[in-house]
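To start, the structure under review is shown below, and the notes come after it.
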Amino acid sequence: MNGKHRTWLLMGLDGLFMLSSVGVSYLFYHWDGGPFPGWDQMLLYGVFTTAAGLIMMQTFHLYNRAWRYASIGELVSIIKAVVISCVVSYIGVSLLVEGSVPFSVFVRTFESILLLTGGSRLAMRILTDGYAGRKPKKRRAMIIGAGNCGVLIAKEMKKNEKLDMSPVCFIDDDPLKHGQQVNGCPVAGGRGRIIELAQKYKIDDIIIAIPSASRSQIAEILEISKHTNAKLRIIPPIEQVIEGQVSLQKMRDVDVEDLLGREPVKLQLEGIAGYLEGKTVLVTGAGGSIGSELCRQIARFKPGKLILLGRGEHSIYQIDREMAETFPNLPREAVIADVQNRERMEQVFERYRPQVVFHAAAYKHVPLMEKNPEEAVMNNVFGTKNVAECADKYGAERFVLISTDKAVNPTSIMGATKRVAEMIIQSLDKHSKTIFTAVRFGNVLGSRGSVISLFKEQIKSGGPVTVTHPEMIRYFMTIPEASQLVIQAGAYATGGEVFVLDMGKPVKIDNLARDLIRLSGYEPGKDIEITYIGIRPGEKLYEELLTAEEGLTSTKHDRIFVGQPGDYDKTQLELELNKMANAVNEGQAAIRRLLHHLVPTFRNPDVEGPERAAGMEEMERMEGMESTKLPDSAGLKQSGPLAVGMK
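Below you can see the structure in the form of structure tokens.
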């Protein structure tokens, strides 16, 4: 039925309701012993009431509303329309004919019209919602948050026949709501009773419907909820949900990022815009996890041109296409090139003359680089050297190296090569007009080759999930968080620093694996087994963020700290790098020997001996920490997620 036919049908029904209400009211008045006022008055009152009623219904737009979504507003509009029409017709007829309309007729007419018009709309809603004869749904849901969002979600669950899920109870920390019924479901208690009530009500799904809650608050709720057997779902934060459009379509499964409870990064826009807006910006490794996110974040600050450089054609094609769709007015160039090729780097810099360089191209997989140290050296060391020297030669204003916490007291080839990369840019900074700086952080959730991706694949295939060591701990950040802080750190650079990002609370990899299994709806050790395979070559039980000689000072950003520039002799370093270039052709032993010479803290520990003891001691030290703990000798006054170390 189209809208026009529906309107005429409703108007016809309402007219019938109004006429019959007047007639029945006069009939009851006569049955109660009142004198019959005459047909003229009854007919005139009926016509007046019907005409006034239909006009008022139309005035209050009651014929073009979607009644399946009707609420208090629609009920108030019906009451207003009926009151006005009944009062107007009562006064009008009383003035036009002898004798006033009996007051009891007026009251009964008002009651009947309100009941019939309102009741018909309620009946329409019941029929369209399908409450009548609806099949019971299989999955039972607990909604955390009995506010507006939670109520909307509960309503939509009940209306959506395709969703095999029905609300059973609410959880809310407001004690005034406890014991109340919201949309037919009890508010059963606060978050402290989540586990108990999930068992009592046999809950299959827990939905967190508090989009205004901070991420740390969400993490606290998830920490409790993950110990139930229910599948966890969440309504995104308020900044991701358009007001008035909260719906089940916005709901998503809880991911491991939610468990971290990391608050959004607050960028100081003026400083960033000052060195990015209108500038030609080059991002190496632009197709990678960090590189591509850097491109997304940089594009927001309106650079003059964005150069997307990488050697993987598919990944560069993808980020280039994404930039074209998301930022269609941004001038950009997709460049396929290898940072190991010095001649090609010269061509790129000569052609585009980038003013700001973010060097994210690197090999980062620890066990693979242990087996392929030649490639690690060529890419992480000489690739960085090529790009950095071109930045110096062609007058780039700023060069930001993406480094890693594995560069601190490295036990891996990957970590040692990244430490040498830091040394290269620090030695260049002393003799260059270009501002060279490095930003060091830990593991990034969701990046290519990350442990999270591996765990998800293993869970999907039914297990087992492989963990290297039950006591292994790591720091984690999200990709957007790391990228935003890298860009912010670039604004603070004065030359030669190593910025250290506040990585938050350290996480046990074993706990992370168990959380991922639970988030997938399984029970660790029961549905999905966990197997310990031992520490792989080059890995540590725990990561560090500073070397012994580094001291930290705070920056303007409460999550960024900066370290003092290192004192490296450019000529001596150049000699050692020449030896390293020759060692690439002499075998892995020669590479390891020269890396140890360049980086004296580079070691290959006995993982079952002192490394294990050190890791256990470090884990005990960190267990009670709320955020990244840096060595006392660093002199760090920590106030946020970004820290900088003094060399």
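Each residue of the sequence shown is one higher than the one before, counting from 12 in our numbering. Glycine included, each C-beta is placed from N, C-alpha and C at the ideal position.
Practice task
Excluding the 5 residues preceding and the 5 following residue 74 in the sequence, name in chain order all residues of the same chain whose CB lies nearer than 7 Å to its CB.
Solution key: Here the set comprises 18, 21, 22, 68.
Problem - Separation of residue 233 from residue 404, as counted between CA atoms - result: C-alpha separation (whole angstroms): 52 Å.
Practice task
Tell me, please, whether the CB atom of residue 128 is closer than 7 Å to any CB atom in chain B?
Solution key: The structure shown contains no chain B; it is built from a single protein chain.
Practice task
Please go through the stretch 505-547 and give each complete alpha helix (DSSP H) segment of 4 or more residues, from N-terminal end onward.
Solution key: Those alpha helix (DSSP H) runs which fall completely within the stretch 505-547 and span 4+ residues are 520-530.
Problem - Per-residue burial, residue 337 [other beta carbons within 10 Å of its own, 16 or more giving buried] - result: Taking every protein chain shown into account, the CB of residue 337 has fewer than 16 other CB atoms within 10 angstroms, so this residue is exposed.
Practice task
Determine which residues share a DSSP beta bridge with residue 467 and list them.
Solution key: Note: residue 467 sits in no beta bridge, so no partner.
Handout entry: Cβ shell of residue 28 (< 8 Å), same chain only, five flanking positions each side left out
Key = Closer than 8 Å at the Cβ level, and outside the excluded window around residue 28, lie 123, 124, 127, 128, 131.
Practice task
Measure the alpha-carbon distance for residue 524 versus residue 227 and round it to whole angstroms.
Solution key: If I take the Cα positions, the gap works out to 20 Å.
Exercise for the section: Helix, strand or coil for residue 236, going by three-state DSSP, please let me know. Expected result: Helix, per DSSP.
Problem - Alpha-carbon spacing of residue 466 relative to residue 240, whole angstroms - result: Rounded to whole angstroms, residue 466 and residue 240 show a C-alpha spacing of 19 Å.
Handout entry: For residue 370, three-class secondary structure by DSSP
Key = Three-state result, residue 370: strand.
Handout entry: Collapsed DSSP secondary structure at residue 637 in the structure displayed
Key = With a pLDDT of only 38 at residue 637, under 50, the local geometry of the prediction cannot be trusted, and the value read off the model is given with reservation. It is coil, neither helix nor strand.
Practice task
For residue 659, count neighbouring C-beta atoms within 10 Å of its own C-beta (all shown protein chains included) and say buried if the count is 16 or more, exposed if not.
Solution key: With the chain covering only 12 through 658, there is no way to say anything about residue 659.
Problem - Assigned secondary structure, residue 552 (DSSP; H/G/I helix, E/B strand, else coil) - result: Taken through DSSP and simplified to helix, strand or coil, residue 552 comes out as coil.
Handout entry: Rounded distance between the beta-carbons of residue 605 and residue 581, thought under 8 Å
Key = Wrong, their Cβ atoms sit about 18 Å apart, outside the cutoff.
Exercise for the section: Kindly indicate which residue of 117, 204, 546, 500 has the alpha-carbon position closest to the one of residue 481. Expected result: The shortest Cα separation from residue 481 among 117, 204, 546, 500 belongs to 546.
Practice task
Within 10 angstroms of the Cβ of residue 40, are there 16 or more other Cβ atoms? Answer buried if so, exposed if not.
Solution key: Residue 40 comes out buried.
Exercise for the section: Mark residue 412 as exposed unless 16 or more other C-beta atoms lie within 10 angstroms of its C-beta, in which case mark it buried. Expected result: Buried, by the Cβ-count rule.
Practice task
Within the same chain, show all residues whose beta-carbon is closer than 6 Å to that of residue 236, passing over the 5 residues directly before and after it, in chain order.
Solution key: Residues 205, 217, 243 of the same chain have their beta carbon placed closer than 6 Å to that of residue 236, with the five preceding and five following residues left out of the count.
Problem - Beta-carbon proximity of residue 517 to residue 484, cut-off 7 Å - result: Yes; because the gap between Cβ atoms is below 7 Å, this pair is in contact.
Problem - alpha helix (DSSP H) segment containing residue 303, residue limits - result: Going by DSSP, residue 303 is part of the alpha helix (DSSP H) stretching over 300-310.
Practice task
For my contact list, residue 348 and residue 331 are in at a C-beta cut-off of 8 Å; report their separation, rounded to the angstrom.
Solution key: The Cβ separation is near 14 Å, so there is no contact.
Handout entry: Option nearest residue 52 by Cα separation, candidates 188, 116, 372, 327
Key = The shortest C-alpha separation from residue 52 is found at 116.
Handout entry: Sequence-distant residues of the same chain with beta carbon closer than 6 Å to residue 315, five excluded per side
Key = Non-local C-beta neighbours of residue 315 in its own chain, meaning closer than 6 Å and more than five positions away in sequence, comprise 289, 290, 291, ordered along the chain.
Exercise for the section: Assign residue 297 to one of two classes, buried (16 or more other C-beta atoms within 10 Å of its C-beta) or exposed (fewer than that). Expected result: Counting Cβ neighbours within 10 Å, residue 297 comes out buried, since at least 16 surround it.
Exercise for the section: Kindly indicate which residue of 365, 181, 496, 441 has the alpha-carbon position closest to the one of residue 402. Expected result: Looking at the Cα atoms, 365 is the closest of the given residues.
Handout entry: Where residue 264 falls: helix, strand or coil (DSSP)
Key = Residue 264 falls in the strand class under three-state DSSP.
Handout entry: 7 Å CB neighbourhood of residue 359 in its chain, flanking five on each side removed
Key = For residue 359, same chain residues with a beta-carbon under 7 Å away, outside a window of 5 residues either side, are 320, 346, 348 in chain order.
Practice task
Please state whether DSSP places residue 213 in a helix, a strand or coil.
Solution key: Correct three-state label for residue 213: coil.
Problem - Same chain only: Cβ atoms within 7 Å of residue 614, ignoring 5 sequence neighbours per side - result: Closer than 7 Å at Cβ, skipping near neighbours: 422.
Handout entry: N- and C-terminal bounds of the beta strand (DSSP E) containing residue 487
Key = Per DSSP, the unbroken beta strand (DSSP E) holding residue 487 starts and ends at 487-489.
Problem - Pairwise C-alpha distance: residue 104 and residue 112 - result: Their Cα atoms are separated by approximately 7 Å.
Problem - Reference residue 369, options 427, 335, 301, closest by Cα - result: Considering only alpha carbons, the answer is 301.
Practice task
State buried or exposed for residue 121, treating a residue as buried only when at least 16 other CB atoms are found within 10 Å of its CB.
Solution key: Residue 121 is buried by the Cβ-count criterion.
Problem - Continuous alpha helix (DSSP H) assignments of at least 4 residues falling wholly in the stretch 362-440 - result: For the stretch 362-440, whole alpha helix (DSSP H) runs of length 4 or above, ordered along the chain, are 377-382, 384-387, 395-404, 424-440.
Handout entry: For residue 513 and residue 651, the rounded distance between their alpha carbons
Key = Because the pLDDT at residue 651 is just 34, under 50, the model does not fix this residue reliably, and the point stays unresolved.
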